[in-house]
Each structure stands twice: as C-alpha cells, then as structure tokens.
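**Student:** Sequence positions in the sequence shown follow our numbering and run 122 to 535.
Dumping the structure here so I can ask a few things about it.
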Amino acid sequence: MRRLIFFAIIIVMAACNLASGLQDGEQSSQNVNAADVSTTSVAQQPTSTATTTMGAVTRTPFPIATSTATPDTQIVLGSAIFGAISQGQSAYGLRIDGLLRGAGLTLLPVPSYQFSQNPANLNRFALIDTSGLLYLTDVGGGNALRIDSGPYTQFLPNDRQTNNAAAELALWSPNGQRLAFIISGRINANDGVWYVEPGVFGPLQLLVDCPFQGFTGCDIVTEPDAYGVWQSRELYWSADSNTLLINVNLPDNGRRALVVMGITQFDRVRDNRPPLLLYDYGTWGSDGRILASGRDPNGAIVVAWINTNGTLSEMVYAASANRLWMGWAVERLNGEVVALGAPGAGGTAVAIYDMEGEALTAPIGDGFPQRVEWSPDRDAVLIEVNGRRYVASVAGEIVEITAQTAGMVVGWVR
C-alpha cells in the first residue's frame, strides 16, 4: 500500500513539472512586434558594406541598490558604483539614487553616438550610431527597428560624412509616444528638427536649419526676422508632450536663441521658421513657462522666467549685474533654480550656482563645456570638456568619470 501511495505521488509531481515547463515555454516564446511606422526591422536591413550583423545580446542590469542611499540634498558622488563594461557594449547609463551609479547598456551591437531612454517605458531606447542612423530598440536588442523613411532610406551610408540625414540628437517626449531628433548632415535640407510618433505618424520635419549662408536649406524656409543663419543644438519637450523648445546657435551673431515649436501633422510647417526668442539657453519650467538664461535681448546675462512668446515674466537673477556669467539654468523638482556659471564674461570652466550668486561646486574641468546634460531630477549634471567627463551635484561634489566610461557614449537613465 505504501508503495502504491509513493508511486502515485511521483506521477503527480511529474505531471505538475510537465505542465509548468509547457507554461514557461509559452511565455518565453512570446515576441511583441512593435508597430513602428516608417521603420525597418534590424534583421531585415538591405545588405551593405556598412551593415553590422545584429547578434544575440543579453541585458546587463545595474548593480543592486544598497541601503546606503541618501536624500537628494545629500548626494554622495564620491561613493559612486560603476559596473563592469561587457563585451559589445558601447553605451553607458548614469543614474543617481543618493549614490551615483553607472553601468554599460546592452542595446545594439553598433558603434553608438547618442541614446535616449523612453521615460514611459524604461526598457525602450532610441539610439543613434556613429554613422548617424536612428534606431529604436529594447534593452538587449529586442524589437530593434531602424527608421527608414522621412529623411532616411532603406539603404545604408558608408559613414557619417556621406549620410545626408545624419542624426545628432534624439529625445523621447515625457509621455513616451513621440521622438524628436536633430539632423545635422550639412548636405541638404534634411538638416533641422524632426519628430516621429512610432506606430502612428511621421517622420515629419518641423524646422529647417540654415547653418551657413548659401546652404540649400536656406532656400526653402522663410524667416520672420533679420536672423538668416541658425542651427539646432538642443531639444526640450514640454510636460504635455505637445511642444518643443529648441535651443539654436546663431553663428553669424555670436550667440544663441530659442525657438518654440508646436507639434503638428501639417507637412508644410517647415516652410516658415517661428520667431527667435533672444535668450542663449532655455528649458521648461513646471508651470509651462520657459526658464531662460545667458544673454537676454539686450545682451545682459540673466536667469529669468519668460513666456512662450518671449515676453519677460519674472526676473530670477541679474547675473551680469553681479559680475557673473550664467547659462543652462534648470528648475529642480523642489522648485529651486540652479544654473551653470562662472565669474566674469564666461568662456571658462563653470560651476553650479544657486540664485543667490553662490557657487555650489568648484569649477568643473579646465574649460568651457562642450556638452551639458542635467540628470532627470536636475540634481546633478554631466559635463564634457576638452575630452574629459565629469558629474557634479548640487550637493557640491564633482566626480571625474573619464576612465570609467572610456570608449563609451554616456547618458542619463532612470
């Protein structure tokens, strides 16, 4: 009798294991195919001498968080945790949870130039490779697609210099439904700002750039002011994902300016450039106003809240009146405004400043930054200057990450 009971138990356990195995097999075989319009599956790209074979890749997570994390007002960058870089990784993500953490990202096995994480789907990324091609991919290379319409085609360029639609910067909207990107190929009228709504609409060109006199893009766009040369440099989405704030360079005027561009499906919107708002730098505030910094229309260095039509709403800090230069001002989650600044007229190494004119950090690096990217919560900033990389926090710390991120493209993740 005991033997019969024993064999019965074994049979039941075997049946349970078989059922579990079948269920697991069904889950692992599911493949969610993104309905991205105007895209080519990476696995189905036309062959070319520049084609990179997409091999199997695996996810490398961040190191497990420990209980040593501190509040954002007491960020401890000096205890940074940097994960090892795995073979085939060329992107490196930074995040702050009290400590600064960094780890290699397994996206696509292509040389990476810039990436943007979807804030509504943290597993989804936009990736620009070194030839200027634009991809959408999950972590680990899943559902990888290349944008192949609009400014792009199904054929691959040999390099960035021959790519007439070389992407420079891509940025997801807060709702995760739209992707804006800047093209800077310096070849034809593709240059400027585009957006795509994967699975729904686009790509569509919103703004045509005219980076120098005689450039082909200058002939197809009408400007409403006396500024005939401009080049898109930075992008910021409004909180409702319906408006872009474009920071542009004005090469002939030795300064920068802002363009406010609403999202539309009207394909002739590119024919007319919106008016320039004559402030050097601008980001969105939580209430829909623009936080402007750098030179104002009169040439004074300020930090100020302005309306989307460029009118002054509120002066925050008169920097030049206090013998300071300030730019790249942002509003933190607690409402505090901070900026990068330096004594004098600028052009030198910058520090983080508060709106009392007090430096919160020492000077960052040995010169004026070539790249500035604030963390999502605006508690820290990534700065690249003269080939070196630094992360500085509002708590006063500066950490150089050049060695840890050598050969990688670096950006913030959530």
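Every residue gets a Cβ at the ideal spot worked out from N, C-alpha and C, and that includes glycine.
What are the residues that DSSP puts in a beta bridge with serine 414?
**Tutor:** Per DSSP, Tyr402 and Val424.
**Student:** Are three or more beta carbon pairs between the region 340-350 and the region 400-417 nearer than 8 Å?
**Tutor:** In short, these stretches do not touch, since the Cβ pair count stays below three.
**Student:** Compare the C-alpha of serine 353 against each of Leu325, Ser359 and Ile367 and name the closest.
**Tutor:** Minimum Cα distance to serine 353 is reached at Ile367.
**Student:** Could you check the C-alpha separation between glycine 532 and serine 233 for me, to the nearest Å?
**Tutor:** One C-alpha to the other measures close to 11 Å.
**Student:** Should threonine 526 be labelled buried (16 or more other beta-carbon atoms within 10 Å of its own) or exposed?
**Tutor:** Buried, by the Cβ-count rule.
**Student:** Which residue or residues does DSSP assign as beta-bridge partners of leucine 325?
**Tutor:** Answer by DSSP bridge pairing, in chain order: Tyr316.
**Student:** If distances are taken between C-alpha atoms only, which option among Thr469, Val459, Leu221 and Gly253 comes closest to aspartate 280?
**Tutor:** When each option's Cα is compared against that of aspartate 280, the closest is Gly253.
**Student:** Counting Cβ pairs, one atom from each stretch, are 3 or more of them under 8 Å apart for the region 409-421 and the region 441-452?
**Tutor:** Because the criterion of three Cβ pairs below 8 Å is met, the region 409-421 and the region 441-452 touch.
**Student:** Return the first residue and the last residue of the beta strand (DSSP E) that valine 197 is part of.
**Tutor:** Where valine 197 is concerned, the enclosing beta strand (DSSP E) stretches over 197-203.
**Student:** Could you pull out every residue in the same chain whose Cβ sits closer than 7 Å to the Cβ of proline 272, ignoring the five residues on either side in sequence?
**Tutor:** Ala286, Ile304, Asn311, Trp315 and Pro324, listed in sequence order.
**Student:** CB-CB under 6 Å to arginine 391, same chain, minus the five flanking residues each way: which ones, in chain order?
**Tutor:** These residues qualify, in order along the chain: Gln326 and Val329.
**Student:** Is it buried or exposed, alanine 212, if we count other Cβ atoms within 10 angstroms and call 16 or more buried?
**Tutor:** Buried.
**Student:** Less than 9 Å separating the beta-carbons of glutamate 471 and leucine 481?
**Tutor:** A small correction: the amino acid at residue 471 is valine; glutamate does not occupy that position in the sequence shown. Not closer than 9 Å, so no.
**Student:** Who pairs with aspartate 259 in a beta bridge, going by DSSP?
**Tutor:** According to DSSP, which records beta bridges pairwise, aspartate 259 is partnered with Arg245.
**Student:** Between the beta-carbon of leucine 300 and the beta-carbon of leucine 257, is there less than 9 Å?
**Tutor:** Yes, Cβ-Cβ distance for leucine 300 and leucine 257 is below 9 Å.
**Student:** Per DSSP, which residues does valine 459 bridge with? Please list them.
**Tutor:** Paired residues: Val451.
**Student:** Just checking my contact of asparagine 242 with glycine 297 at CB under 8 Å: how many whole Å lie between their CB atoms?
**Tutor:** Rounded, the Cβ-Cβ distance is 5 Å, consistent with contact.
**Student:** Compute the Euclidean distance between the alpha carbons of methionine 436 and isoleucine 206, then round it to the nearest angstrom.
**Tutor:** Straight-line Cα distance between these residues: approximately 45 Å.
**Student:** Measure the C-alpha to C-alpha separation of glycine 383 and serine 294 and round it to an integer number of angstroms.
**Tutor:** When rounded, the distance between both Cα atoms is 13 Å.
**Student:** Please list, in chain order, all residues of the same chain as arginine 444 whose beta carbon is under 8 Å from its beta carbon, the five residues on each side excluded.
**Tutor:** Correct list, in chain order: Pro464 and Gly465.
**Student:** For a test of the three-state rule: what should DSSP assign to threonine 523, helix, strand or coil?
**Tutor:** Of the three classes helix, strand and coil, the one that applies to threonine 523 here is coil, per DSSP.
**Student:** Can you grab the Cα-Cα spacing for the pair tyrosine 438 / isoleucine 473, in whole Å?
**Tutor:** Rounded to whole angstroms, tyrosine 438 to isoleucine 473 spans 14 Å at the Cα level.
**Student:** How big is the Cα-Cα spacing for cysteine 339 and methionine 529?
**Tutor:** Roughly 35 Å between the two C-alpha positions.
**Student:** Consult DSSP for threonine 95 and reduce its assignment to one of helix, strand or coil.
**Tutor:** Any property of residue 95 remains undetermined from this structure, which presents the chain solely from 122 to 535.
**Student:** In angstroms, rounded to a whole number, what distance separates the CA positions of asparagine 430 and serine 362?
**Tutor:** In a straight line, the C-alpha of asparagine 430 is about 18 Å away from that of serine 362.
**Student:** Please list the terminal residues of the continuous beta strand (DSSP E) segment that includes valine 493.
**Tutor:** Unbroken beta strand (DSSP E) run through valine 493: 492-495.
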